[in-house]
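All remarks here apply to the structure that follows.
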Amino acid sequence: MDFSRRSFLGTGIGAGIATGALSGVGMAPAFADLGTKMPDWHLGYQNAPPAGFDPSPMKLVFGKVPAGLKGSLYRNGPAQMQYGDTFASHWFDGDGFIHRIAIEDGQAVHTGRFAQTTKHRDEQAAQKFLVPGFGTEGDPTYPMMGPDDANAANTSVIVIDGKLYALWEGGSAYELDADTLDSVGVKSWSDDLSGMPFLAHPKTEPDGRVWNLGVGGSNVVIYRISAKGVLEDYTLVNIGASAYIHDWAMTDRHLIIMVQPWINEKMIPPFIDSFEWRPQDGLKLLIIDKNDTSKRRWAQAPARAFYHTGAAWEESDGTIRLDAALYAEPILGQDGGGPEIRGEWTPEYGSFNSVFTQIVIPTSGDAKLIETDLDGDFPQVDPRFHGKPRKLTALVTGASSVSPGATSLTVYNWETDHADRFNFGDTRMVEEFLFVPKPGGTTEEESWLVGPVLNIKSGKREIVVFDAAGVSDGPLCIWQADYSWPLGFHGTWA
Amino acid sequence: MKRTMTLIAAAAATALLAPVASASELTLNVEGIEKAQGTITLGLFDEATYNGDGAVKGANLKVEGDAVTVTFDGLEPGEYAVRLYHDVNDDGEMNTNPFGMPTEPYAFSNDAKGRFGPAKWEAAKFTVAAEGGTHTITMN
Chain A
143 MDFSRRSFLG
153 TGIGAGIATG
163 ALSGVGMAPA
173 FADLGTKMPD
183 WHLGYQNAPP
193 AGFDPSPMKL
203 VFGKVPAGLK
213 GSLYRNGPAQ
223 MQYGDTFASH
233 WFDGDGFIHR
243 IAIEDGQAVH
253 TGRFAQTTKH
263 RDEQAAQKFL
273 VPGFGTEGDP
283 TYPMMGPDDA
293 NAANTSVIVI
303 DGKLYALWEG
313 GSAYELDADT
323 LDSVGVKSWS
333 DDLSGMPFLA
343 HPKTEPDGRV
353 WNLGVGGSNV
363 VIYRISAKGV
373 LEDYTLVNIG
383 ASAYIHDWAM
393 TDRHLIIMVQ
403 PWINEKMIPP
413 FIDSFEWRPQ
423 DGLKLLIIDK
433 NDTSKRRWAQ
443 APARAFYHTG
453 AAWEESDGTI
463 RLDAALYAEP
473 ILGQDGGGPE
483 IRGEWTPEYG
493 SFNSVFTQIV
503 IPTSGDAKLI
513 ETDLDGDFPQ
523 VDPRFHGKPR
533 KLTALVTGAS
543 SVSPGATSLT
553 VYNWETDHAD
563 RFNFGDTRMV
573 EEFLFVPKPG
583 GTTEEESWLV
593 GPVLNIKSGK
603 REIVVFDAAG
613 VSDGPLCIWQ
623 ADYSWPLGFH
633 GTWA
Chain B
196 MKRTMTLIAA
206 AAATALLAPV
216 ASASELTLNV
226 EGIEKAQGTI
236 TLGLFDEATY
246 NGDGAVKGAN
256 LKVEGDAVTV
266 TFDGLEPGEY
276 AVRLYHDVND
286 DGEMNTNPFG
296 MPTEPYAFSN
306 DAKGRFGPAK
316 WEAAKFTVAA
326 EGGTHTITMN
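Chains A and B, in that order, are what the protein sequence lines are.
So the first sequence is residues 143 to 636, counted in my numbering.
So the second sequence is residues 196 to 335, counted in my numbering.
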């Protein structure tokens, strides 16, 4: 109730106050119906400008920029969630918008551009949603020659040998200029793999080699790409079920395909309508030898749903450990984030209900789960330790009571079981933070954590830097943009 | 997706000649070919054969520029549709990626596009009149 009133007051719509106070949480749809103003947090779901954002310096509003912090934070996320009065039906179906925050000499410069995919160009021209997607039926007359006609290029980004790719999961990677963010086009890793799906969660070994999966029903392609961006090899694997696979895990020696029992045997858009949760099947783990992909074994874990892993590592006896944000059952199911997109979210919809968990896969027998009491997602690790023994994982935690999303950044230490947390409070919506190794540093603690938040009080975007060794000490520095941009999914540092 | 795309490949690749007694002449132009190599393999279908394996007429046209042309004669006046693919590497097949999606260009008459499969007859059909005619397909 308190939330409703505060949220209403925060919007400055006096007429709404009485309604909010009377109807409590039930006010949200009425709120949207006002048609004039959305809740303040809805700023995170509004369209980015069609022309994007030209390079624009951000203002240092807090702290001191650490010496030696240099590079670019690239991020991606859906940024076209509305045409006229029509909202996207699912968060996964908005067009990809790529950000670059270039940091050098204490300055941060923000640039943003839509990936000029076929979907984006055609829908911009028509000013309506046309293309079928994860939660969108689309215009039944819209031609679909292949998955890349629906490619939203909206989920993540990777830089390989200086080339920037926006990643989706149902189709190809989409290349953009790493400096200007101008679109280059769909990427084929080889002629015979053109049009193959490429997941949004490739794994980069510390030496730069990239592994990724592409999923088509129960068929999975495994890509091995050199640090120079050249396809070295690919392998096809059948995982026995048309499971939803968004992410996976990798040690220095093995790939782990996590087959969650969220099954779709129809694969007709909107895909979300034909997923089936089969907890009786459990979470199956396929472990594949990177040096000989024909060497494979299965392990079984209790039924869990998931989107994101942190990373895996391997002990000398062959035990594999990986951490992930696990859910008792699938989230972003039928409603697909729709209430947030439409500005109708209320606290009853909740936010994260995950359990940050370590999955321990012995060399034989069933996998075991070590559950923390952390409720969060978007786990990230130090890229120098990807696939190697490590202890730290940074993740977004702490559901907000006044908006969708989370308020806190937590670094979890698997050696000490200590969660080091900074709570931004309800005025910030916190997104994924990335480890950025300090120059000359060798340990995980010798990193910064860099990520964006949406300041819903000021209506502006902020880029925040922490010392990974002491997140609870608060930010080292904060840059603020003069404007907002919508919430995104994932990023990379290059 | 894999099954329907394989069907496109099979339908486009199979261009069986069937004897038809009549006199209409149809010239087919295929333009906008991206790579000046390989072969355009096309089939001309009527409604009865469009979703099956057998074409009314067929041709394999060597690609040396960005366009090819073929003329079919002896056609019964009526409605027809064309499916074609560009066999870029001349291996005699419409190549697909490991998930069954075509990796070589393909097209339909009227430049019709499919939706999770081949273009529908209704979208691809055109009329060949008694005095004959010309139809142009632009690859893209």
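For glycine and all other residues, C-beta sits at the position ideal for the given N, C-alpha and C.
Check, Outcome
"Name the residues in the region 322-345 of chain A whose C-beta lies less than 7 Å from a C-beta of chain B; which are they?", "333, 334, 335, 336, 337, 338"
"What are the boundary residues of the alpha helix (DSSP H) that includes residue 465 of chain A?", "No alpha helix (DSSP H) contains residue 465 of chain A, which is instead part of the beta strand (DSSP E) from 462-469."
"Against chain A, does residue 308 of chain B count as a neighbour if the rule is that its beta carbon must be under 7 Å from one of theirs?", "yes"
"I need the DSSP call for residue 293 of chain A, collapsed to helix, strand or coil.", "coil"
"I'd like the span of the alpha helix (DSSP H) that includes residue 638 of chain A, first residue to last.", "Coverage of chain A is limited to positions 143 through 636, which leaves residue 638 of chain A absent and any answer about it impossible."
"Mind checking which residues open and close the beta strand (DSSP E) that includes residue 245 of chain B?", "Careful: residue 245 of chain B lies outside any beta strand (DSSP E), inside the alpha helix (DSSP H) at 242-245."
"DSSP on residue 605 of chain A, reduced to helix/strand/coil?", "strand"
"Buried or exposed, going by whether 16 or more other CB atoms sit within 10 Å of the CB of residue 310 of chain B?", "buried"
"Closest to residue 205 of chain A by C-alpha separation, out of A:609, A:546, A:630, would be which residue?", "A:609"
"Could you tell me whether the Cβ atoms of residue 313 of chain A and residue 289 of chain A are closer together than 7 Å?", "yes"
"Would you mind working out which of B:330, B:335, B:334 sits nearest residue 358 of chain B, comparing C-alpha positions?", "An answer regarding residue 358 of chain B cannot be provided, because it is not within the stretch 196 to 335 covered by chain B."
"In this structure, how does DSSP classify residue 526 of chain A when only helix, strand and coil are distinguished?", "helix"
"So if DSSP puts residue 330 of chain B in a beta bridge, which residue, or which two residues, is it bridged to?", "B:223"
"Residue 259 of chain A and residue 293 of chain A - do their beta-carbons sit closer together than 7 Å?", "yes"
"Residue 195 of chain B: which of B:299, B:296, B:274, B:283 sits nearest, CA to CA?", "Lying before the first or after the last residue shown, residue 195 of chain B is absent from chain B, which here runs from 196 to 335."
"Would you mind telling me which residues of chain A sit closer than 8 Å to residue 300 of chain B, beta carbon to beta carbon, in chain order?", "Residues of chain A passing the Cβ test: none, with the nearest at roughly 10 Å."
"Could you tell me whether the region 572-579 of chain A touches the region 524-535 of chain A, using the rule of 3 or more Cβ pairs below 8 Å?", "yes"
"Which first and last residues belong to the beta strand (DSSP E) in which residue 590 of chain A is found?", "589-597"
"Between residue 557 of chain A and residue 261 of chain A, what straight-line distance do the alpha-carbon atoms span, to the nearest angstrom?", "46 Å"
"I want to see whether chain B comes within less than 7 Å of residue 268 of chain A, judged by CB atoms only; does it?", "no"
"So what does DSSP say about residue 489 of chain A, is it helix, strand or coil?", "helix"
"Whether or not the region 623-635 of chain A and the region 591-598 of chain A are in contact is what I'm after, with contact meaning three or more pairs of Cβ atoms, one per stretch, closer than 8 Å; do they touch?", "yes"
"With 7 Å set as the bound, which would you pick, yes or no: does the beta-carbon of residue 289 of chain B sit closer than that to a beta-carbon of chain A?", "no"
"To the nearest angstrom, how far is it from the Cα of residue 598 of chain A to the Cα of residue 382 of chain A?", "45 Å"
"Compare the beta carbon distance of residue 562 of chain A and residue 542 of chain A with 7 Å and say whether it is the shorter of the two.", "no"
"Residues of chain B with CB under 7 Å from residue 288 of chain A, in chain order?", "296"
"Do residue 566 of chain A and residue 89 of chain A have their beta-carbon atoms positioned less than 7 Å apart in this structure?", "The displayed coordinates of chain A run from 143 to 636. Any statement about residue 89 of chain A would go beyond what the structure contains."
"Mark residue 263 of chain A as exposed unless 16 or more other C-beta atoms lie within 10 angstroms of its C-beta, in which case mark it buried.", "exposed"
"When you check each C-beta in the region 554-570 of chain A against every C-beta of chain B, which residues fall closer than 7 Å?", "none"
"Excluding the 5 residues preceding and the 5 following residue 315 of chain B in the sequence, name in chain order all residues of the same chain whose CB lies nearer than 7 Å to its CB.", "none"
"Is residue 275 of chain A close to chain B? Criterion is C-beta to C-beta, closer than 7 Å.", "no"
"Thinking C-beta only, is residue 429 of chain A closer than 7 Å to residue 398 of chain A?", "yes"
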